[in-house]
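Per this note's numbering, the very first residue in the sequence shown carries number 2; after that it's consecutive.
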Amino acid sequence: MSNKETAIECCLLAGRLMMESGAETYRIEDTMERMARTQGFEEVESFVTPTGIILSPGSPHHTRLIRIKNRSTDLEKVELVNDVSRKLSAQQYTVEEAYKRLREIERANVMFPLWLQILAASIASASFLILYEGLWMDVPAAFLAGGAGYIAVTIVQELTKVKFFSEFIAALSVALVAFIAVQANMGEQVDKIIIGGVMPLVPGLLITNAVRDLMAGHFMSGVAKGAEAFLTAFAIGAGVALVLSF
Numbered sequence: 002m003s004n005k006e007t008a009i010e011c012c013l014l015a016g017r018l019m020m021e022s023g024a025e026t027y028r029i030e031d032t033m034e035r036m037a038r039t040q041g042f043e044e045v046e047s048f049v050t051p052t053g054i055i056l057s058p059g060s061p062h063h064t065r066l067i068r069i070k071n072r073s074t075d076l077e078k079v080e081l082v083n084d085v086s087r088k089l090s091a092q093q094y095t096v097e098e099a100y101k102r103l104r105e106i107e108r109a110n111v112m113f114p115l116w117l118q119i120l121a122a123s124i125a126s127a128s129f130l131i132l133y134e135g136l137w138m139d140v141p142a143a144f145l146a147g148g149a150g151y152i153a154v155t156i157v158q159e160l161t162k163v164k165f166f167s168e169f170i171a172a173l174s175v176a177l178v179a180f181i182a183v184q185a186n187m188g189e190q191v192d193k194i195i196i197g198g199v200m201p202l203v204p205g206l207l208i209t210n211a212v213r214d215l216m217a218g219h220f221m222s223g224v225a226k227g228a229e230a231f232l233t234a235f236a237i238g239a240g241v242a243l244v245l246s247f
């Protein structure tokens, strides 16, 4: 590839990695445009949505479009991409070095080990129980419920690739663990245990990004992310309601 083609691919890869990792729409557009301008694309324009990225480098280059198929939360990867962007803008990287570094970031697994994620979800669930004025005797039940929910959402998402279904099953698992714990006299307040257990599933970053995109004028992305957050909240509520209704 020529330097110009490499620069375009570099910008698109940076944008895709950021969107897949949970970055805000306006941040992605700004990063891509800054990177492109450092490579001589003065008429560059970008348009980013949660499901696709359009980049127009300007004449005589063709407009490029890529699809976004997977989205998660990985703020460390967002920071790594931003670091590459800053170094490219400061001419500490050539465009070839920046593209190579982005490929390394794409291949690297910077997520924490699964066992540590489950442990963190369990501890967070127990902590939220206390935060919402639950009983200390319910802490073990909330700890187990939060861990069970995170295990369920991870396994079901891997098997089905359907986010709504995985979150529904995860909330169902949390409610079942809470209900069984109360029935076995291992807990007292089933509502507080469930609230603590589902907190790791709540789409906090998604809601925050939806509001920030709306405030920045990116109405399409803001509404889309808000709708995704609503579906997640609905899935959690439906899973809990199904158990409590019986």
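Yeah, the Cβ is synthetic: ideal placement off N, Cα and C, and Gly gets one too.
Check	Outcome
Given 8 angstroms, three or more beta-carbon pairs between the segment 141-150 and the segment 183-191	yes
Ile170 beta carbon less than 8 angstroms from that of Gly59	no
Local Cβ density within 10 Å of Phe247, reported as buried at 16 or more and exposed below that	exposed
Where Glu46 sits in the DSSP three-state scheme	strand
Contact under 8 angstroms by Cβ, Ala24 with Val79	yes
Sequence-distant residues of its chain with Cβ nearer than 7 angstroms to Ser86 (five each side left out)	Ala15, Thr32, Arg35, Met36
Residue burial classification, Pro4 (beta-carbon count within 10 angstroms, cutoff 16)	For clarity, residue 4 is Asn in the given sequence; the question names Pro instead. Exposed.
8 angstroms Cβ shell around Glu43 - same chain, five flanking residues per side excluded	Gly59
Contact under 8 angstroms by Cβ, Leu56 with Leu103	no
C-alpha gap between Glu21 and Ser174, whole angstroms	27 angstroms
Rounded Cβ spacing between Ala176 and Leu207 (contact assumed at less than 8 angstroms)	So it is not a contact: roughly 22 angstroms between Cβ atoms.
Reduced DSSP category for Leu136 - H, G, I as helix; E, B as strand; rest coil	coil
In DSSP terms, what Ile29 is bridged to	None; Ile29 has no bridge partner.
Nearest-angstrom Cα separation, counted from Gln184 out to Ala109	45 angstroms
Whole runs of the beta strand (DSSP E) within the segment 86-162, excluding any shorter than 3 residues	none
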